[in-house]
Amino acid sequence: MQVLTLSVLSLLLATSSGDVELCMKCMCNKKALIQPLYTVRCSHLNLHDTFPDLQQWPKYAQLKGTRMAVNFDWNNVRHLQRFPNIPGIVSLSLQHNNMVKIAGSAFVELDNLKALDLSYNQLTEGVQADVFQGRYSPQHYNPLGIVVLNLGNNQIHTLSPHSFEHLPNLTELRLNNNPLKTLSPATLMSLASPESLQVLDLAYTGLSGLPEEFVQLSSIRHKLQLLYLNGNQFSHVPQTLAALGDSLQKLSLNENPIQELDEDSFRGLLMLRELNMSAMSYLRRIGPATFRHLRSLEILFCSYNRNLTELDAEAFGYGDNRWTLRELHLQSNALHTLPTQLAPWKKLAIVDVQDNPWRCDCNLDWFINELLPLLEDTTPDLVLGLHCSEPLHLSGMSFLGLRNSINSSFLCDGIVRSPSENIQRHSAGLYPVFQAVSIILLISIAGLAVLYYLQLTKNVTHGTQTQVISDIPYMRVRTEVCREFAS
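Residue numbering for the sequence shown is -18 to -1, 1 to 469, as defined by mature numbering (1 follows the signal peptide of the UniProt record, and there is no 0).
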């Protein structure tokens, strides 16, 4: 039966795709998968509608067994009309259309629609509840099956309280790059409609806080797994996030004006597996026990923080037995040193600390002798960006070159010392050398003085006789010459 169905679909595609308006203007293709996927690409055609007449679509699009991914990106569909009965569409994208209005029940005929992308348009508060209304009858209501909805990069300041009441199956909602500024009561009410929101993107929305009402929503508490808060105005990690501790697995705080992280920053987030806090230009310090409460943390991205100079040795603050971290990304910060006790380094699969202004002194001796060989064996590409910035005579030298160079006098035989201790140690070691050289110089000078005195005395003693003897013929010759001139 399945073979017969596939044959019929193939026949319909061969006989019907080429003579319908949609496939004459757009690219209609079939991907040979276990269950065939038909793609319709209508992007960059300056279209003003989405072919609202059923006769404009190929016959196979009307079959319930069909799966279609339809793309209308980069057109000029400012007023989106209602789609015809096309049960085959499972994915629909309408990015970059300058869209300002969507007709009521626009998607009601798309019974199998799972992913809808309306990003990069001009939608405002006009996203009303009836836009996503499903099939309705007095006996039965069949809501839309949309699981993923992207409303990012629009002009939404607030949402209608009932915007998503017809989307009970919605699990992923993206509202990023909208000028929300705050989560208004109406917006909070709209977020409460889905039964289980697992992914919520609130990046670049101008938020500076998360109200308690947000984390108490039935659609979010105990259910939200991924939360994007990057590019906002948070000056500290919202303490209300602790209420999501039993479900939240990934948190992004990139590009927020947070200056310092401490033991209270991530308290309660016991299930968090991935934390992103990069490109935070105000971040200067990560204090002790900052990550102590993140008992499930596996991946930490803390990179491109240009003012991050201090990373406390006890930032993780838990023993080897509870260590779960597998990836540590600390590249392109302002770190000068890396504490050896920060992590059990052999338990990490990835350590990326490239492009920091490393101070190559005694404190990095352990790095050169212990961590560097480990990185060479596991991830050799992550050692290429390791260079000294200080001291001046080592500036620009790679860690690999330093290890293989005889000019590595800052190494301390595995003992980590402070810079002041290092200076004292080297000074103490050089003092006997200075003494010996001084004594040798004094003896040499004294010896030369004695030799010079003896030589001078000898010259004086023999010099008088030589002078008298040498002067006698000189005087005789001179006298004879004078006499000749006189005559």
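Backbone N, C-alpha and C define an ideal beta-carbon position, used for all residues, glycine too. What you are looking at is a predicted structure, and each value in this text was computed from that prediction instead of being measured.
Query	Result
Which residues mark the beginning and the end of the alpha helix (DSSP H) in which Arg385 is found?	381 to 386
Looking at C-alpha atoms only, which residue of Tyr286, Ser263, Phe298, Asn258 is the closest neighbour of Leu276?	Phe298
Residue range of the beta strand (DSSP E) that Glu358 falls in?	No beta strand (DSSP E) contains Glu358, which is instead part of the alpha helix (DSSP H) from 354 to 360.
Using three-state DSSP, classify Thr21 as helix, strand or coil.	strand
If you reduce the DSSP assignment to three classes, tell me which class Tyr102 lands in.	coil
Leaving out five residues on either side along the sequence, give the residues of the same chain with a beta carbon under 8 Å from the beta carbon of Tyr20.	Leu(-6), Cys10, Asn11, Lys12, Lys13, Tyr42, Ala43, Thr48, Arg49, Met50, Ala51, Gly70
The beta strand (DSSP E) that contains Leu95, what's its start and end?	Careful: Leu95 lies outside any beta strand (DSSP E) and carries neither H nor E.
When you compare only the Cα positions, how much space is there between His204 and Ser229?	5 Å
Using CA coordinates, which residue listed in Leu182, Ser217, Leu192 is at the minimum distance from Gln207?	Leu182
Closest to Gly378 by C-alpha separation, out of Glu358, Cys344, Arg308, Asp337, would be which residue?	Asp337
For residue 478, which of Pro176, Ser178, Leu226 has the nearest alpha-carbon?	There is simply no residue 478 to check, as the chain begins at -18 and stops at 469 in what is shown.
How would you label Arg156, buried or exposed, when you count the other beta carbons within 10 angstroms and need 16 or more for buried?	buried
Have a look at Ala111, Ile128, His122, Gln121 and flag the residue whose alpha-carbon is nearest the alpha-carbon of Leu98.	Ile128
Hey, how far is the Cα of Pro176 from the Cα of Arg308?	34 Å
Could you name the residues that DSSP lists as bridge partners for Ser75?	Asn53, Asp99
Looking at Ser87 and residue 513, is the spacing between their C-beta atoms short of 7 Å?	Because the chain here runs from -18 to 469, residue 513 falls outside it and cannot be looked at.
Note down, in chain order, each residue of its chain lying with its Cβ closer than 8 Å to the Cβ of Phe196, except the 5 sequence neighbours on either side.	Leu165, Leu170, Leu173, Ile202, Thr222
Using a threshold of 7 Å, state whether the C-beta atoms of Asn58 and Ser25 are closer than that.	no
In terms of residue numbering, what span does the beta strand (DSSP E) encompassing Val129 cover?	From DSSP, Val129 is part of no beta strand (DSSP E); its letter is neither H nor E.
Here's the rule: buried if 16 or more other CB atoms are within 10 angstroms of the residue's CB, otherwise exposed. What is Asn67?	exposed
Select from His218, Met259, Ser263 the residue whose C-alpha is nearest the C-alpha of Phe283.	Met259
Classify Ser469: buried if its beta carbon has 16 or more other beta carbons within 10 angstroms, exposed otherwise.	With a pLDDT of only 42 at Ser469, under the threshold of 50, the placement of this residue in the model should not be trusted, and no figure is reported.
Whole angstroms is fine: what's the gap from Phe65's alpha carbon to Leu162's?	29 Å
Does the beta-carbon of Ala331 have 16 or more other beta-carbons within 10 angstroms, so that it is buried, or is it exposed?	exposed
For Leu284, which three-state DSSP category applies?	For the record, residue 284 in the displayed sequence is Cys; it is not Leu. Cys284: coil per DSSP, three-state reduction.
Might you give, ordered along the chain, the residues of its own chain that have their beta carbon closer than 8 Å to the beta carbon of Gln180, omitting 5 neighbours on each side?	Thr153, Glu154, Lys205, Leu206, Gln207, Leu208
Once you ignore the five residues that flank Leu265 on each side, which residues in its own chain have a CB closer than 6 Å to its CB?	Ile240, Asn287, Leu290
Go to Lys12, then tell me how far its beta strand (DSSP E) extends in each direction, as first and last residue.	9 to 13
My understanding is that Met253 touches Gln231, with C-beta atoms under 8 Å, so please give their C-beta distance in whole angstroms.	6 Å
By DSSP, does Asn28 sit in helix, in strand, or in coil?	coil
Relative to the C-alpha of Ala224, which candidate in Glu245, Leu251, Leu243, Ser217 has its C-alpha closest?	Leu251
If we cut at 7 Å on Cβ distances, does Cys342 have a partner in chain D?	Given the protein chain composition of this structure (a single chain), no chain D is represented.
With a 10 Å radius around its C-beta and 16 neighbouring C-beta atoms as the bar for buried, classify Arg458 as buried or exposed.	Caution is warranted here: a pLDDT of 40 is assigned to Arg458, below 50, making its placement in the model unreliable, and no coordinate value can be reported.
What does the alpha-carbon distance come out to for the pair Val82 and Arg60?	6 Å
Quick check on the burial criterion: 16 or more other C-beta atoms within 10 angstroms. Buried or exposed for Ala325?	buried
My assumption, with CB atoms under 8 Å, is that Ser73 sits in contact with Asp55. Please give the rounded CB distance.	Actually they do not touch by this definition, with Cβ atoms about 12 Å apart.
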